[in-house]
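Residue numbers -8 to 168, in this note's numbering, belong to the letters of the sequence shown in order. Below is one structure, written out as C-alpha coordinates; the observations come after it.
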Amino acid sequence: MLTTERLIIRPFKNSDFQDLYEYLSLKESYRFERGAPVTLKEAKKICRERVKDDVFWAVTLKDTGKLIGQVSLNRERPDNFRTWNIGYMFNPAFQNKGYATEAARAVIRYAFAELNAHRVVGHCSPDNTASWKVLENCGMKKEGLSRKDFLVRTGENGTPVWLDSFEYAIIEDDLVI
(Lines of atoms letter the chains of each structure in order from A and count residues from 1; the text may use other names and numbers.)
(Lines give C-alpha, C1' and ligand atoms only; values in the text may rest on other atoms or scores of the structure.)
Protein backbone atom coordinates (compact mmCIF):
# COMPACT_ATOMS: atom_id res chain seq x y z
CA MET A 1 0.00 0.00 0.00
CA LEU A 2 1.23 3.48 -0.89
CA THR A 3 0.03 6.68 0.74
CA THR A 4 0.22 10.22 -0.63
CA GLU A 5 -1.14 13.51 0.62
CA ARG A 6 -4.67 12.76 -0.67
CA LEU A 7 -4.60 9.13 -1.82
CA ILE A 8 -4.19 5.54 -0.78
CA ILE A 9 -2.95 3.24 -3.52
CA ARG A 10 -3.65 -0.35 -2.59
CA PRO A 11 -4.53 -3.78 -3.97
CA PHE A 12 -8.06 -4.15 -5.29
CA LYS A 13 -10.78 -5.57 -3.03
CA ASN A 14 -13.87 -7.47 -4.19
CA SER A 15 -15.98 -4.67 -2.74
CA ASP A 16 -14.47 -2.16 -5.23
CA PHE A 17 -16.65 -3.38 -8.10
CA GLN A 18 -19.29 -0.61 -7.85
CA ASP A 19 -16.75 2.23 -7.96
CA LEU A 20 -14.89 0.41 -10.75
CA TYR A 21 -18.15 0.10 -12.69
CA GLU A 22 -18.72 3.87 -12.40
CA TYR A 23 -15.92 4.57 -14.86
CA LEU A 24 -15.49 1.29 -16.74
CA SER A 25 -19.13 1.58 -17.87
CA LEU A 26 -18.52 4.91 -19.62
CA LYS A 27 -17.77 5.15 -23.33
CA GLU A 28 -15.48 8.14 -22.71
CA SER A 29 -13.19 5.96 -20.57
CA TYR A 30 -12.20 4.00 -23.70
CA ARG A 31 -11.40 6.84 -26.07
CA PHE A 32 -7.69 6.05 -25.78
CA GLU A 33 -7.91 2.60 -24.18
CA ARG A 34 -8.61 -0.93 -25.32
CA GLY A 35 -12.02 -2.29 -24.56
CA ALA A 36 -15.57 -1.07 -24.38
CA PRO A 37 -17.99 -0.08 -21.63
CA VAL A 38 -18.79 -2.93 -19.26
CA THR A 39 -21.88 -4.11 -17.43
CA LEU A 40 -22.05 -4.32 -13.65
CA LYS A 41 -21.61 -8.10 -13.92
CA GLU A 42 -18.47 -7.62 -16.03
CA ALA A 43 -17.14 -5.03 -13.57
CA LYS A 44 -17.52 -7.58 -10.75
CA LYS A 45 -15.55 -10.13 -12.80
CA ILE A 46 -12.81 -7.60 -13.63
CA CYS A 47 -12.61 -6.63 -9.97
CA ARG A 48 -12.25 -10.29 -8.89
CA GLU A 49 -9.43 -10.69 -11.44
CA ARG A 50 -7.64 -7.59 -10.18
CA VAL A 51 -7.85 -8.83 -6.59
CA LYS A 52 -5.71 -11.79 -7.70
CA ASP A 53 -3.07 -9.92 -9.70
CA ASP A 54 -0.33 -7.54 -8.67
CA VAL A 55 -0.31 -5.37 -11.81
CA PHE A 56 -3.37 -3.18 -11.13
CA TRP A 57 -3.71 -1.10 -7.97
CA ALA A 58 -6.79 0.73 -6.75
CA VAL A 59 -6.44 4.48 -6.25
CA THR A 60 -8.69 5.66 -3.43
CA LEU A 61 -9.33 8.95 -1.71
CA LYS A 62 -7.67 9.00 1.68
CA ASP A 63 -10.53 10.85 3.38
CA THR A 64 -13.46 8.76 2.07
CA GLY A 65 -11.97 5.50 0.78
CA LYS A 66 -13.75 5.93 -2.56
CA LEU A 67 -12.03 4.23 -5.49
CA ILE A 68 -11.45 6.91 -8.14
CA GLY A 69 -9.13 5.13 -10.55
CA GLN A 70 -6.44 2.59 -11.10
CA VAL A 71 -2.72 2.50 -11.72
CA SER A 72 -0.90 -0.38 -13.33
CA LEU A 73 2.77 -1.27 -13.03
CA ASN A 74 3.83 -4.11 -15.27
CA ARG A 75 7.33 -5.54 -15.59
CA GLU A 76 8.63 -5.65 -19.12
CA ARG A 77 10.77 -8.54 -20.33
CA PRO A 78 13.54 -9.52 -20.06
CA ASP A 79 13.68 -9.11 -16.30
CA ASN A 80 17.34 -8.08 -16.23
CA PHE A 81 16.46 -4.86 -18.11
CA ARG A 82 14.71 -3.74 -14.88
CA THR A 83 12.07 -1.87 -16.88
CA TRP A 84 8.50 -1.30 -15.73
CA ASN A 85 5.53 0.08 -17.67
CA ILE A 86 3.14 2.41 -15.86
CA GLY A 87 -0.46 3.05 -16.88
CA TYR A 88 -3.53 4.63 -15.33
CA MET A 89 -7.22 5.21 -15.81
CA PHE A 90 -9.37 7.48 -13.67
CA ASN A 91 -13.06 8.08 -13.24
CA PRO A 92 -13.84 11.19 -15.35
CA ALA A 93 -15.54 12.76 -12.33
CA PHE A 94 -12.12 12.86 -10.62
CA GLN A 95 -9.96 13.94 -13.55
CA ASN A 96 -8.16 17.30 -13.80
CA LYS A 97 -7.61 17.44 -10.04
CA GLY A 98 -4.01 16.18 -9.98
CA TYR A 99 -4.89 12.71 -8.68
CA ALA A 100 -3.35 10.82 -11.62
CA THR A 101 -0.07 12.72 -11.28
CA GLU A 102 -0.03 12.19 -7.51
CA ALA A 103 -0.65 8.45 -7.91
CA ALA A 104 1.81 8.02 -10.78
CA ARG A 105 4.57 9.81 -8.85
CA ALA A 106 4.07 7.51 -5.88
CA VAL A 107 4.14 4.39 -8.05
CA ILE A 108 7.26 5.58 -9.91
CA ARG A 109 9.04 6.25 -6.60
CA TYR A 110 7.99 2.77 -5.45
CA ALA A 111 9.35 1.18 -8.63
CA PHE A 112 12.77 2.71 -8.11
CA ALA A 113 12.96 2.33 -4.32
CA GLU A 114 11.38 -1.10 -3.87
CA LEU A 115 11.55 -2.92 -7.20
CA ASN A 116 15.08 -1.84 -8.17
CA ALA A 117 13.82 -0.38 -11.44
CA HIS A 118 16.33 1.07 -13.83
CA ARG A 119 13.66 2.55 -16.08
CA VAL A 120 9.91 3.25 -15.99
CA VAL A 121 8.10 3.84 -19.26
CA GLY A 122 4.64 5.08 -20.12
CA HIS A 123 2.74 5.25 -23.40
CA CYS A 124 -0.16 7.42 -24.48
CA SER A 125 -1.84 8.78 -27.57
CA PRO A 126 -0.51 12.13 -28.79
CA ASP A 127 -4.16 13.24 -28.74
CA ASN A 128 -4.47 12.40 -25.03
CA THR A 129 -3.06 15.67 -23.73
CA ALA A 130 -4.06 14.99 -20.13
CA SER A 131 -2.15 11.70 -20.11
CA TRP A 132 1.10 12.98 -21.55
CA LYS A 133 0.95 15.95 -19.16
CA VAL A 134 0.76 13.46 -16.26
CA LEU A 135 3.86 11.70 -17.57
CA GLU A 136 5.72 14.98 -18.02
CA ASN A 137 4.67 16.17 -14.55
CA CYS A 138 6.23 13.00 -13.18
CA GLY A 139 9.58 13.93 -14.70
CA MET A 140 9.34 11.54 -17.64
CA LYS A 141 10.91 12.52 -20.94
CA LYS A 142 9.31 11.98 -24.33
CA GLU A 143 11.50 9.54 -26.24
CA GLY A 144 9.57 9.06 -29.42
CA LEU A 145 6.46 8.50 -31.44
CA SER A 146 5.35 5.09 -32.65
CA ARG A 147 2.94 5.28 -35.55
CA LYS A 148 -0.28 3.27 -35.39
CA ASP A 149 1.14 0.79 -32.90
CA PHE A 150 -1.76 0.58 -30.44
CA LEU A 151 -4.87 -1.36 -31.45
CA VAL A 152 -7.77 -0.01 -29.39
CA ARG A 153 -10.73 -1.74 -31.02
CA THR A 154 -12.30 -2.97 -34.21
CA GLY A 155 -14.54 -0.50 -36.02
CA GLU A 156 -18.15 -1.12 -36.99
CA ASN A 157 -17.11 -2.41 -40.41
CA GLY A 158 -14.54 -4.79 -38.91
CA THR A 159 -11.48 -2.68 -39.64
CA PRO A 160 -8.94 -2.19 -36.87
CA VAL A 161 -8.71 1.18 -35.13
CA TRP A 162 -5.06 1.98 -34.48
CA LEU A 163 -3.63 4.88 -32.49
CA ASP A 164 -0.18 6.42 -32.55
CA SER A 165 1.60 6.52 -29.21
CA PHE A 166 4.21 8.61 -27.51
CA GLU A 167 6.74 6.78 -25.38
CA TYR A 168 7.89 8.50 -22.23
CA ALA A 169 10.52 7.25 -19.79
CA ILE A 170 12.32 8.10 -16.62
CA ILE A 171 15.52 6.38 -15.55
CA GLU A 172 16.94 6.06 -12.08
CA ASP A 173 19.46 8.85 -12.80
CA ASP A 174 16.58 11.26 -13.56
CA LEU A 175 14.59 10.64 -10.42
CA VAL A 176 13.77 13.85 -8.59
CA ILE A 177 10.10 13.25 -7.71
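Glycine residues also receive a C-beta, built at the ideal position from the N, C-alpha and C atoms. Bear in mind that the values here come from a model prediction, so they are computed numbers and not experimental data.
| query | result |
| --- | --- |
| To the nearest angstrom, report how far apart Ile77 and Lys132 are at their CA atoms. | 14 Å |
| Looking only at C-alpha atoms, which of Arg68, Phe3, Ala104 sits nearest to Asp175? | The chain is shown only over -8 to 168; residue 175 falls outside these bounds and no answer can be derived. |
| Would Cys115 and Ser156 qualify as a contact pair, given that the criterion is a beta-carbon distance under 9 Å? | yes |
| On the DSSP bridge list, what partners appear for Gly60? | Val50, Phe81 |
| Assuming Tyr12 contacts Leu(-2) under a Cβ cut-off of 8 Å, what Cβ separation, rounded to an integer in Å, is found between them? | Their Cβ separation, rounded to whole angstroms, is 20 Å, which puts Tyr12 and Leu(-2) out of contact at 8 Å. |
| Does the beta-carbon distance from Lys53 to Glu(-4) come in below 9 Å? | yes |
| Assess, as a yes-or-no matter, whether the segment 33 to 49 is touched by the segment 57 to 75 under the definition of 3 or more beta carbon pairs within less than 8 Å. | yes |
| Within a Cβ cutoff of 6 Å, which residues of the same chain sit near Met(-8), ignoring the five residues on either side of it in sequence? | Arg1 |
| Grouping DSSP H, G and I as helix and E and B as strand, with all else coil, what is Asp155? | strand |
| Restricting to runs no shorter than 4 residues, where is the alpha helix (DSSP H) found entirely within the segment 89 to 134? | 90 to 105, 120 to 128 |
| Where does Ala160 land, buried or exposed, given buried means 16+ other C-beta within 10 angstroms? | buried |
| Taking the CB atoms as reference points, tell me whether Val125 and Glu158 lie closer together than 9 Å. | no |
| Could you please give the first and the last residue of the uninterrupted beta strand (DSSP E) stretch that includes Leu(-2)? | -2 to 2 |
| Which whole-angstrom value is the C-beta distance of Phe179 and Tyr90, which I expect to be below 8 Å? | Within the shown structure, residues of the chain are numbered from -8 to 168, placing residue 179 beyond reach of any answer. |
| Look at Leu58 and Asp7 and say whether their C-beta atoms are less than 9 Å apart. | yes |
| So, are the CB atoms of Leu142 and Trp153 less than 9 Å apart? | yes |
| Taking the CB atoms as reference points, tell me whether Pro83 and Leu17 lie closer together than 9 Å. | yes |
| What does a CB cutoff of less than 8 Å around Lys36 pick up in its chain, not counting 5 residues either side in sequence? | none |
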